[in-house]
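All residue numbers for the sequence shown refer to our numbering, where the first residue is 1 and numbers rise by one.
Glycine residues also receive a C-beta, built at the ideal position from the N, C-alpha and C atoms.
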Amino acid sequence: MTPPLLEVAGLVKHYPVRGGAVRAVDGVSFTLARGETLSLVGESGCGKSTVGRCILRLAPVTGGQISLAGKRIDDLPERHMRPLRRHMQVVFQDPFSSLNPRQRIRDVIAEPLRNFSLASGAALDARVVELLDQVGLPASAMHRLPHEFSGGQRQRIGIARALAPAPDLLVCDEAVSALDVSVKAQIVNLLLGLQERLGLALLFISHDLAIVEHLTHRVAVMYLGRIVELAPRRALFAAPRHPYTRALLSAVPLPDPTATRERTVLRGDVPSGLAPPPGCRFHTRCPAAFDRCRTEEPVPRQVATEHIVACHLDVSAGP
1 MTPPLLEVAG LVKHYPVRGG AVRAVDGVSF TLARGETLSL VGESGCGKST
51 VGRCILRLAP VTGGQISLAG KRIDDLPERH MRPLRRHMQV VFQDPFSSLN
101 PRQRIRDVIA EPLRNFSLAS GAALDARVVE LLDQVGLPAS AMHRLPHEFS
151 GGQRQRIGIA RALAPAPDLL VCDEAVSALD VSVKAQIVNL LLGLQERLGL
201 ALLFISHDLA IVEHLTHRVA VMYLGRIVEL APRRALFAAP RHPYTRALLS
251 AVPLPDPTAT RERTVLRGDV PSGLAPPPGC RFHTRCPAAF DRCRTEEPVP
301 RQVATEHIVA CHLDVSAGP
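If you want it as structure tokens, here you go:
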């Protein structure tokens, strides 16, 4: 069996504050194979972007382990981490603030090539032109400044920059959430095409389940710092097992305006990560909660092939 490209085991990230710590990520585990897309989904504040930042070593981890291509990276000193950074790159959420407004596009895309000593001179320019072509932009774009492009075009430039060092892993942190609907579809199709041609592994962080359904292989649903359900795309969208997953899916707009579905409206607000509730963290909002949920934390268990759920209910029966 081929080992995973990325392996995350018991990842913990706490942010110290006066009087305690915000438990942003609290024991997250998953793997990601080469050429696979795994989507991390959940409401704002669930910790999904923090997971991405920890994997990229943009934030130090509190506990757990992260391995890339079999090499543990969560505890590597920065001098040893730097050469590995070319193998994992990121596409940020905001295509406007993620590009230096004073740099021409040639220099934006060439920066990682220079950082890792991958190209110089004529070879560097040729590589920039190649990358622009891969994301659907003309070679003439390299001489322009970021403000001369639309949001969708800027995100294409951000993708080209991320592809420059030929990474194995691409972390897309809400990469399409700031774009118009039609542009979202274009960027998603671009990512799918690039993944197929280049064999990229994608960690796609999003709250948009309609987009996720279109591009992912597996889905991990997060709530208050923990994964509550992890399953292949078709299994999760056809038969979600966790009450939180069902609530999220019930809120996805239907393409047919005449169609209806039963909506699950969650009561209350997401609890604070500073003082998560005891037992199941979702019990304060769960429509199916019972006494055990309030006192005992559910252990993730496999309910079907590659389908894991952390819930006290008899999830094996399905919806």
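For a test of the three-state rule: what should DSSP assign to residue i, helix, strand or coil?
| i | result |
| --- | --- |
| phenylalanine 204 | strand |
| glutamate 78 | helix |
| leucine 230 | strand |
| glutamate 262 | coil |
| glycine 318 | At glycine 318 the pLDDT is 43, less than 50, meaning the model places this residue with poor confidence and gives no usable figure here. |
| arginine 301 | strand |
| leucine 68 | strand |
| arginine 85 | helix |
| arginine 218 | strand |
| phenylalanine 282 | coil |
| proline 243 | helix |
| alanine 322 | This structure leaves residue 322 out entirely; the chain is present only between 1 and 319. |
| phenylalanine 237 | helix |
| glutamate 196 | helix |
| proline 112 | helix |
| valine 270 | coil |
| proline 3 | coil |
| alanine 210 | helix |
| valine 188 | helix |
Determine which residues share a DSSP beta bridge with residue i and list them.
| i | result |
| --- | --- |
| glycine 63 | Val12 |
| phenylalanine 30 | Val8 |
| valine 90 | Val171 |
| threonine 37 | Leu202 |
| alanine 21 | Pro16 |
| histidine 307 | Ala304 |
| tyrosine 223 | Arg226 |
So residue i packs on residue j, CB below 8 Å; how close in whole Å?
| i | j | result |
| --- | --- | --- |
| isoleucine 211 | valine 252 | In fact, because the Cβ distance is near 10 Å, the residues do not count as touching under 8 Å. |
| leucine 179 | glutamine 153 | Actually they do not touch by this definition, with Cβ atoms about 10 Å apart. |
| arginine 104 | arginine 161 | Contact flag wrong, Cβ pair sits at about 13 Å. |
| isoleucine 159 | leucine 190 | 7 Å |
| threonine 2 | threonine 216 | The pair is not a contact, with the Cβ atoms about 20 Å apart (cut-off 8 Å). |
| proline 95 | alanine 164 | Rounded, the Cβ-Cβ distance is 16 Å, inconsistent with contact. |
Start-end ranges of the alpha helix (DSSP H) lying completely within the stretch 126–183, minimum 4 residues: 151–163
Stretch pair the stretch 297–317 + the stretch 236–243: three plus CB contacts closer than 8 Å: yes
Do the stretch 83–95 and the stretch 125–143 make contact, defined as three or more Cβ pairs closer than 8 Å? no
Would you call the stretch 12–30 in contact with the stretch 42–58, where contact means no fewer than 3 C-beta pairs closer than 8 Å? yes
Would you call the stretch 275–282 in contact with the stretch 194–212, where contact means no fewer than 3 C-beta pairs closer than 8 Å? no
Using 8 Å as the cut-off, can you tell me whether the stretch 265–274 makes contact with the stretch 220–227, which would need three or more C-beta pairs spanning the two stretches below that distance? yes
Stretch-stretch touch, CB-based, cutoff 8 Å, three pairs: the stretch 182–198 with the stretch 103–119: no
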